[in-house]
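Working notes, beginning with the structure itself.
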Amino acid sequence: MSGAHCTIIFNGERLTGLADQPLIDFLDAQGKKLPHVCYHPALAPLQSCDVCWVDANGERVRGCTLRTHDGLEVQSEGAALEVAQQEGVDRLLNRHELYCTVCEHNTGDCTLHNAVADMHIPIQYYPHQPKPYAKDHSNPFYTYDPDQCILCGRCVEACQNVEVNETLSIDYTQAHPRVLWDGGTEIAGSSCVSCGHCVTVCPCNALLEKTMQPDAGPFTAMDEGLKRPLINFVKTLENSIGMEPITGVSKIDVALRQAEIKRTKTVCTYCGVGCSFEIWTRDRHILKVQPVADAPANGISTCVKGKFGWDFVNSPQRLTTPLIRENGCFRPASWDEALQRVAEGLRRVARQYGGDAIGFIGSSKASNEEAYLTQKIARLIFGTNNVDNSSRYCQNPATEGLFRTVGYGGDAGTIRDLQQTELIIIVGSNLAENHPVIASHIKQSHKHQGQKLLVVDPRRHEMAERADRYLRIRPGTDLVWASAMAKYMFDHGYADRAFLAQRVNQVEEYRESLAPFTLAFASETCGLSEEELTAAAEMIGHAGSACILWAMGITQHSHGADTSTELSNLLLVTGNYGRPGTGGYPMRGHNNVQGASDFGCLSNVYPGYEKVSDAAVREKWARAWGVDPEALSDQPGADNFKMVQHAHEGKLCAMYITGEETAFSDADSTNVHEAFTNLEFMVVQDIFMSRTAEFADVVLPGCPSVEKEGTFVNTERR
1029 MSGAHCTIIF NGERLTGLAD QPLIDFLDAQ GKKLPHVCYH PALAPLQSCD VCWVDANGER
1089 VRGCTLRTHD GLEVQSEGAA LEVAQQEGVD RLLNRHELYC TVCEHNTGDC TLHNAVADMH
1149 IPIQYYPHQP KPYAKDHSNP FYTYDPDQCI LCGRCVEACQ NVEVNETLSI DYTQAHPRVL
1209 WDGGTEIAGS SCVSCGHCVT VCPCNALLEK TMQPDAGPFT AMDEGLKRPL INFVKTLENS
1269 IGMEPITGVS KIDVALRQAE IKRTKTVCTY CGVGCSFEIW TRDRHILKVQ PVADAPANGI
1329 STCVKGKFGW DFVNSPQRLT TPLIRENGCF RPASWDEALQ RVAEGLRRVA RQYGGDAIGF
1389 IGSSKASNEE AYLTQKIARL IFGTNNVDNS SRYCQNPATE GLFRTVGYGG DAGTIRDLQQ
1449 TELIIIVGSN LAENHPVIAS HIKQSHKHQG QKLLVVDPRR HEMAERADRY LRIRPGTDLV
1509 WASAMAKYMF DHGYADRAFL AQRVNQVEEY RESLAPFTLA FASETCGLSE EELTAAAEMI
1569 GHAGSACILW AMGITQHSHG ADTSTELSNL LLVTGNYGRP GTGGYPMRGH NNVQGASDFG
1629 CLSNVYPGYE KVSDAAVREK WARAWGVDPE ALSDQPGADN FKMVQHAHEG KLCAMYITGE
1689 ETAFSDADST NVHEAFTNLE FMVVQDIFMS RTAEFADVVL PGCPSVEKEG TFVNTERR
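Encoded structure:
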């Protein structure tokens, strides 16, 4: 889409909007309707429903494929067109039984129902022909009902070309075609990854979330013994009075459901991609998660966790009341009593030992606002910089590497920018499992745009299988590999001399430091042949643009910061920064690792990465908080690791941990447990009774993201 505008004539009316977009989208933006069923704005035009027929400049065409331009004259009304449009709907209804009022999908978003209602179809000419297939309930999250499937192909397109899992197909050679998983396997036994794309785009109730069954509407829980006779009665009545009275009743049902169902825009609380979507709830019951095509990070894409992984919100194991430890056991307490105990405990430690005897660990799953308040409490109330979050383990090395090389601790561009590059390099990241929505973007451009893919990883995971070149590197040797690649670029004329001269300093010193990293040394160290290394280097050198993505396979090594530095240096050497489709992309783990760090939940910096040791910075924050600059410590505090060490040494006497399972996830858990036991006072705030909480003196219930207001910062710093 160019962004230019055009004027068209639609049913005699002049309309101005974006040029070169599908007519259906153009009309939607104008508040006009063109009935359609198979078209979806996030998918390629499928041309399977034959409902959106129009006459364009005298030619009969489908509205989903017609693109807008100046001089376009479109007619969607008239007897001949209405016959063609209704013929398309009738063929669909031949495959689908309309029983909207008792259907779980009758929420106002059923594309098929809306087309029937909007077209005021008087009667169904082709009766529904049942198919000889049973429902497939085998997937834990959704069902497929072949008897309701209209074979529009949306689900297949989404699976093949959006998620690019390539599981779904339709076999039209069968007497009764249906959607197939891996050619005919039961869903549970197929290669389906339960991403939910197929369910999201289904225009009817053929694919449906199990959480929508059976409580989506007033009549959907009806016993099957009553439902079937009622459907048969309504169908008989429909033949005599027509379809419009029946669709009128279903519209009333829609209104009733919409009055009860709350749709809330939210952001996924799992990884750092930052997928946004609507979450549908009735009271506390989560009915479904529905992404929208214009969601900035993900569009319609989701993964199994973001689409279906919300059972924890209403888990019976949730903490619902504060707990206080007495005589070695926990007892329930009121919020007033628990907060009083917290205040007294922290105050006592601060008075007796000073503020630096207290440590705060914030949550990388909590909001930006909560991260900001965590560090503010530590610094303003207790005068300590002992504050950190889980990025210390997984993301700080990548951030450090980026600050060393480009002075910016985040992704070089947006997720969609990744589709503009010629070469994607994935190092130490199982992207398809840990960041599946980003993986789907890359799989799309790799499949359809000829983008090249180089994967460096000890594990042969899905992206390695798809790669144009895969290097099965020895674990922990990525630093040597990246250094050898950089040396190769210099030695073989692939270094971007102009870029380096204009934008990079200490180039010659860096080049000299690479002398030991010959292909022979890298081959011996990394467990790769020199031929493999040369082929990968040539791939990088010939690429007009490149991005490197890396994650915990790099950052959680002891030299993770140095390897992150070297990966970024490789991009600098080849001039792959500062242009679309270039740069480093450290894949953030938790949903708000980036935000928690950006908002100052770190031991050495204030929000915005302003150093605590800088007097001007302290004066700025003291002024903002209304305190004397002397009240703010000029010494970097203890990070997560040092807090545990200081607890062992008796330097740290109290901790407040929010939403982090430190007792389970830290290295040497026995050492951590001993440190916690050594504390005089400990507070844990979480949504579940975690292993860490078992060491606490006071446990406070927390709230997941769907129960509160707030913001996150995703991996692309959106």
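In this note's numbering, the protein residues as written are 1029 to 1746. From the three backbone atoms N, C-alpha and C, an ideal C-beta is built for every residue, glycine too. In this text the structure is predicted, and so the values were computed from the model without any measurement.
So residue i packs on residue j, CB below 8 Å; how close in whole Å?
i, j, result
"LYS1316", "SER1304", "No, LYS1316 and SER1304 are not in contact; Cβ-Cβ is about 15 Å, not under 8 Å."
"SER1631", "PRO1614", "So it is not a contact: roughly 20 Å between Cβ atoms."
"CYS1177", "ALA1244", "Rounded, the Cβ-Cβ distance is 19 Å, inconsistent with contact."
"ILE1389", "ILE1685", "5 Å"
"VAL1301", "ALA1325", "6 Å"
"ARG1346", "ILE1582", "Not really, about 35 Å apart at Cβ, beyond 8 Å."
"ALA1366", "LEU1728", "6 Å"
"GLN1202", "LEU1196", "Rounded, the Cβ-Cβ distance is 15 Å, inconsistent with contact."
Determine the closest residue to residue i out of the options, with distance taken between C-alpha atoms.
i, options, result
"GLY1091", "TYR1067, GLU1110, VAL1734 and LEU1071", "TYR1067"
"ASN1745", "GLN1622, VAL1455, ARG1123 and ALA1682", "A small fix is needed here, since residue 1745 is Arg in this sequence, not Asn. Of the candidates GLN1622, VAL1455, ARG1123 and ALA1682, the one whose C-alpha sits nearest the C-alpha of ARG1745 is GLN1622."
"GLU1594", "GLY1429, CYS1034, GLU1266 and LEU1120", "GLY1429"
"VAL1655", "ASP1439, THR1309, ASN1142 and ARG1407", "ARG1407"
"ALA1287", "GLY1555, ASP1311, PRO1273 and ARG1420", "ASP1311"
"VAL1227", "ALA1249, LYS1639, GLU1185 and ALA1512", "GLU1185"
"ASN1706", "HIS1674, PRO1050, SER1541 and GLY1212", "HIS1674"
"GLU1677", "GLU1708, CYS1180, LEU1451 and GLU1689", "GLU1708"
"PHE1545", "SER1557, SER1395, ARG1525 and ALA1514", "ALA1514"
"GLU1722", "CYS1357, VAL1130, LEU1043 and GLU1540", "CYS1357"
"LEU1680", "ALA1143, HIS1313, GLN1058 and TYR1381", "TYR1381"
"LEU1043", "CYS1077, HIS1097 and ARG1531", "HIS1097"
"THR1720", "SER1693, GLY1555 and THR1739", "SER1693"
"ASN1167", "PRO1158, THR1213, TYR1127 and TYR1161", "THR1213"
"VAL1415", "ARG1651, HIS1520, GLY1383 and LEU1446", "GLY1383"
"ALA1426", "GLN1157, ASP1083, PHE1527 and TRP1578", "TRP1578"
"GLN1152", "SER1268, PHE1247 and VAL1221", "SER1268"
Quick one: what's residue i bridged to in DSSP?
i, result
"LYS1333", "According to DSSP, which records beta bridges pairwise, LYS1333 is partnered with nothing at all."
"VAL1082", "VAL1089"
"PHE1261", "According to DSSP, PHE1261 bridges with nothing at all."
"THR1044", "THR1035"
"LYS1639", "VAL1633"
"ILE1386", "ALA1682"
"ILE1269", "Its beta-bridge partners do not exist; DSSP assigns none."
"THR1171", "LEU1236"
"SER1197", "LEU1208"
"LEU1351", "PRO1360 and VAL1727"
Could you spell out where the alpha helix (DSSP H) holding residue i opens and where it closes?
i, result
"TRP1338", "Per DSSP, TRP1338 belongs to no alpha helix (DSSP H) and is neither H nor E."
"ILE1568", "1558 to 1570"
"GLY1373", "1363 to 1381"
"THR1228", "1225 to 1229"
"LEU1051", "1051 to 1057"
"GLN1472", "1464 to 1476"
"ARG1513", "Residue identity check: residue 1513 is Met in the sequence provided, not Arg. Residues 1506 to 1519."
How far does the beta strand (DSSP E) with residue i in it reach, from first residue to last?
i, result
"CYS1034", "1033 to 1038"
"GLU1237", "1235 to 1237"
"ARG1497", "1497 to 1499"
"SER1391", "It is not in any beta strand (DSSP E) - SER1391 carries neither H nor E in the DSSP assignment."
"HIS1313", "1313 to 1318"
"ALA1817", "It is not possible to answer for residue 1817, since the shown part of the chain is limited to 1029 through 1746."
"GLN1103", "1101 to 1103"
"THR1402", "No beta strand (DSSP E) contains THR1402, which is instead part of the alpha helix (DSSP H) from 1396 to 1404."
"MET1491", "Careful: MET1491 lies outside any beta strand (DSSP E), inside the alpha helix (DSSP H) at 1490 to 1494."
"ASP1714", "1709 to 1714"
Does DSSP put residue i in a helix, in a strand, or in coil?
i, result
"LYS1293", "strand"
"CYS1357", "strand"
"CYS1422", "helix"
"PHE1431", "helix"
"LEU1482", "strand"
"PHE1669", "helix"
"GLU1450", "coil"
"THR1309", "strand"
"ARG1719", "coil"
"ARG1616", "coil"
"THR1213", "strand"
"SER1661", "coil"
"LEU1208", "strand"
"ILE1280", "helix"
"GLY1116", "helix"
Does the beta-carbon of residue i, which I'm using as the reference point, lie nearer than 7 Å to any heavy atom of the ligand NAD?
i, result
"HIS1476", "Ligands are entirely absent from the displayed structure, and the ligand NAD is therefore not among its contents."
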